[in-house]
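Engineer: Structure in structure tokens, see below.
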Amino acid sequence: MKKRTSITQWVHEILTLHLPKEGLYVDATMGNGHDTLFLCRLAGEKGQVYAFDIQQAALDHTRKLLEQEGVFHRFSLILDSHAHMGEYLAPESTDAILFNCGYLPGGDHHLATRQETTIQAVDAGLPLLKSDGVLSLCLYSGGDTGFEEKDAVLQYLKELDPRRYTVIVQEYYNHPHNPPTPVLVIKK
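Per the numbering used here, residue 1 is the first one in the sequence shown, and the count goes up by one each step.
Here it is, written out as structure tokens:
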């Protein structure tokens, strides 16, 4: 029997089909480093990855994971809010920006992404995308994270100029109990 596809696996599969190899990628919510590792593999030795988190534990977990997996090339782990990514990257330089909202798995559930900073970070990230670049969001609701962040981010994305961005909101249509929502924003 095939293993159930998680939201992050689904997003990784879509991005692998869409993104150029050896590009410049951003993990906006580093967490335990799984998206960072995915992006480092996609970047190879010629690409580059920037990963952001406000928790030292996230940087420590990610650095350990990358070392265990033998990834020693061109990545920058940054202890700063994803809302500040524009201070580290040039406009129209980035192929992809990944957000996996919520809290650090195994960490303090009170320390989670919030609608205000997530929207600020998306707003900071959109100008960084190259033409045909992708910003992906894994949005969660219910339980610890509530619905506020998901609802606010979706409302913000709905108002993006359709001449500049295509926003695709997917859903686990037959899954009960507030399943996560994968979102892709493609810059035209």
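In this text, a Cβ means the ideal position worked out from N, Cα and C, and glycines have one as well.
(1) Taking Cβ to Cβ, would you say F75 is nearer than 8 Å to C101?
(2) With a threshold of 6 Å on Cβ separation, who are the neighbours of V185 within its own chain once the five nearest residues in sequence on each side are excluded?
(3) Whole beta strand (DSSP E) runs in the segment 14 to 96 with 3 or more residues, listed along the chain?
(4) Per the contact definition of three or more C-beta pairs closer than 8 Å, is the segment 8 to 17 in contact with the segment 80 to 93?
(5) S131 and K188 - do their beta-carbons sit closer together than 8 Å?
(6) Between the alpha carbons of A58 and S81, how many angstroms are there, rounded?
(7) So, with DSSP's three-state summary, where would you put L160?
(8) Going by beta-carbon coordinates alone, are M85 and F52 separated by less than 8 Å?
Structural biologist: Looking at the atomic coordinates:
(1) As a first step, residue 75 must be located in the sequence shown, where it is residue number 75. As a first step, residue 101 must be located in the sequence shown, where it is residue number 101. No. Outside cutoff.
(2) To locate residue 185, count along the sequence shown from 1; it is residue 185. Answer for V185: L135, Y165 and V167, listed in chain order.
(3) 24 to 27, 48 to 53 and 75 to 79
(4) no
(5) As a first step, residue 188 must be located in the sequence shown, where it is residue number 188. As a first step, residue 131 must be located in the sequence shown, where it is residue number 131. Cβ atoms of K188 and S131: closer than 8 Å.
(6) As a first step, residue 58 is located in the sequence shown; it is residue number 58 there, counting from the start. As a first step, residue 81 is located in the sequence shown; it is residue number 81 there, counting from the start. In a straight line, the C-alpha of A58 is about 12 Å away from that of S81.
(7) Within the sequence shown, residue 160 is the residue found at index 160, counting from 1. DSSP places L160 in coil when its eight states are reduced to three.
(8) Residue numbering aside, residue 85 sits at position 85 when the sequence shown is read from its first letter. Residue numbering aside, residue 52 sits at position 52 when the sequence shown is read from its first letter. Their beta carbons are under 8 Å apart, which means M85 touches F52 by this criterion.
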